[in-house]
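Student:
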Amino acid sequence: MQDLVDTLRWDDLRFLLAVVRAGSFSAAALTLGVEQSTVSRRIAALEATLDTPLFERSHTGLRATEVTESLLPHLERVEEELSAVLDAVRQHEPEVRGRVRLALTEAMAAHFVIPRLLRPLRELHPHLTVDLLTSDLAADLSRREADLALRFFRPAGGDLIVKRVARLHTAFIAHRSYPKLSHTDPRQHDFIALELPGVDTPEEAFARRHSDVEPSMRTNGYLAQVEAVRAGLGVALLARSVLQLDPGLVELDLGLPAGPTLEVFLVCPRGLRRVPRVDAVFRMLEDALPQLETVATPASRRKRAPRSR
Numbered sequence: 002m003q004d005l006v007d008t009l010r011w012d013d014l015r016f017l018l019a020v021v022r023a024g025s026f027s028a029a030a031l032t033l034g035v036e037q038s039t040v041s042r043r044i045a046a047l048e049a050t051l052d053t054p055l056f057e058r059s060h061t062g063l064r065a066t067e068v069t070e071s072l073l074p075h076l077e078r079v080e081e082e083l084s085a086v087l088d089a090v091r092q093h094e095p096e097v098r099g100r101v102r103l104a105l106t107e108a109m110a111a112h113f114v115i116p117r118l119l120r121p122l123r124e125l126h127p128h129l130t131v132d133l134l135t136s137d138l139a140a141d142l143s144r145r146e147a148d149l150a151l152r153f154f155r156p157a158g159g160d161l162i163v164k165r166v167a168r169l170h171t172a173f174i175a176h177r178s179y180p181k182l183s184h185t186d187p188r189q190h191d192f193i194a195l196e197l198p199g200v201d202t203p204e205e206a207f208a209r210r211h212s213d214v215e216p217s218m219r220t221n222g223y224l225a226q227v228e229a230v231r232a233g234l235g236v237a238l239l240a241r242s243v244l245q246l247d248p249g250l251v252e253l254d255l256g257l258p259a260g261p262t263l264e265v266f267l268v269c270p271r272g273l274r275r276v277p278r279v280d281a282v283f284r285m286l287e288d289a290l291p292q293l294e295t296v297a298t299p300a301s302r303r304k305r306a307p308r309s310r
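According to the numbering used here, the sequence shown is numbered sequentially starting from 2.
Okay, here's the thing in structure tokens:
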């Protein structure tokens, strides 16, 4: 048994975890940043070491064996403990240097983090690299899929530090080139809806509740929705901060109640909070994101449709 313990290496076991989580060798290879052949070779070597198959292979794909299923909770505990060890070491890094992975939506990256934060952060910390992991799906910080995350919901559970950093007010927004800008009835407008798979966004729930018209266009991405509005194709319920993107964007008063307020949360694994490189990015985001709350709509960019007599 001791020989087996001496032979096992975490670097091999993490490949096993990656394959189980990804569901295939090819997907695990993408996650790990290696070739598929490397994953296949590592799993074969581990099966030889343990003298047992770890996956059942068929035309439908891979399925974890009972042995693998029984190993998973133990491997996940080892993964957590190793992460804690690394976190403790990293807190004593002498300077802000290295790589920080920030998980966020593509829109938040394109409209705020890239144009406003990355250059000053680089000037302040030239040896710091920030990787932006853009997705509408939440990265699992407990598994260190990212070091920091910006989310539009408060995460539940996990040993995480969570701070609300902004409250974004929404409004119906269109472009000056939109042909129906002066229409009085919301039902006369062309609405551009955002539909994310498996997600009922607060904006769209509000739009459905207060407008009984079928959207004239749907997108499954926020950036496409904003660009459709900028192209004059219709009206969308957006965060008022997008008014900063284009002087042609205007806020419409359609006689409806105020739109929902979106909350932005900055999330970090507790063990990483005092790591110098993570702390530098955390503080920059913490200081900068409240600026999104202060977007005021100038009177010249607030359009109230004239009431019919």
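Each residue gets a CB set at the ideal place from its N, CA and C atoms; glycine is no exception. In this text, all values refer to a predicted model and were calculated from it rather than measured experimentally.
With the cut-off set at 8 Å, would you say V20 and V40 are in Cβ contact?
Tutor: Yes, the pair counts as a contact, with Cβ atoms nearer than the cut-off.
Student: Is the segment 151-169 touching the segment 276-294 in the sense that three or more CB pairs, one from each, lie closer than 8 Å?
Tutor: The answer is yes - the segment 151-169 touches the segment 276-294, with three or more Cβ pairs under 8 Å.
Student: L253 to T185, Cα distance in whole Å?
Tutor: Each residue's Cα considered, the two are about 10 Å apart.
Student: Can you check the segment 206-266 for any beta strand (DSSP E) of at least 3 residues that lies completely inside it and give the ranges in chain order?
Tutor: Whole beta strand (DSSP E) segments, 3+ residues: 218-220, 237-240, 250-254.
Student: Give every residue of the same chain whose Cβ lies closer than 6 Å to the Cβ of A108, excluding the five residues on either side of it in the sequence, and list them in chain order.
Tutor: Cβ within range, chain order: Y223, L224.
Student: How many whole angstroms separate the CB atoms of A208 and A194, which I take to be in contact at a CB cut-off of 8 Å?
Tutor: Going by Cβ atoms, the distance from A208 to A194 rounds to 7 Å, so yes, they are a contact pair.
Student: Under 8 Å: do the segment 267-278 and the segment 136-156 share three or more Cβ pairs, one atom per stretch?
Tutor: Segments in contact, yes.
Student: Could you tell me the alpha carbon to alpha carbon distance between L263 and L51, rounded to whole angstroms?
Tutor: Answer to the nearest angstrom: the Cα atoms are 50 Å apart.
Student: Where does R78 sit, in a helix, a strand or coil, going by DSSP?
Tutor: Looking at R78 - three-state DSSP - the assignment turns out to be helix.
Student: Nearest-angstrom Cα distance between P307 and A172?
Tutor: Because P307 carries a pLDDT of 41, less than 50, the predicted location of this residue cannot be relied on, and the following value inherits that uncertainty. The straight-line gap from Cα to Cα measures roughly 18 Å.
Student: Could I get the ranges of all uninterrupted beta strand (DSSP E) runs contained in the segment 117-195, with 3 residues as the minimum, in chain order?
Tutor: Entirely contained in the segment 117-195, the beta strand (DSSP E) runs reaching 3 residues are, in chain order, 129-135, 149-152, 161-176, 193-195.
Student: Considering only residues of the same chain and omitting the five flanking positions on each side of E196, which have a CB-CB separation below 8 Å?
Tutor: So the list reads E205, R219, T220, N221, once near-sequence residues are dropped.
Student: Going by DSSP, which residues form a beta bridge with P270?
Tutor: According to DSSP, which records beta bridges pairwise, P270 is partnered with L161.
Student: Tell me the residue span of the beta strand (DSSP E) that contains F56.
Tutor: Looking at the DSSP string, the run of the beta strand (DSSP E) that includes F56 is 56-59.
Student: Assuming L105 is part of the beta strand (DSSP E), what are its boundary residues?
Tutor: It spans 99-105 - the beta strand (DSSP E) in which L105 sits, taken as one unbroken run.
Student: Quick one: what's V200 bridged to in DSSP?
Tutor: DSSP output for V200 lists L197 as bridge partner(s).
Student: Nearest-angstrom Cα distance between T130 and S178?
Tutor: Each residue's Cα considered, the two are about 40 Å apart.
Student: Please name the residue, chosen from L244, A281, L255, Q37, that lies closest to F113 on a Cα-to-Cα basis.
Tutor: Nearest of L244, A281, L255, Q37 to F113, Cα basis: L244.
Student: Can you give me the start and stop residues for the alpha helix (DSSP H) that A23 sits inside?
Tutor: Segment 11-23, the alpha helix (DSSP H) holding A23.
Student: Pick from L255, P127, V86, D132: whose alpha carbon is nearest that of T106?
Tutor: The option with the nearest alpha carbon to T106 is D132.
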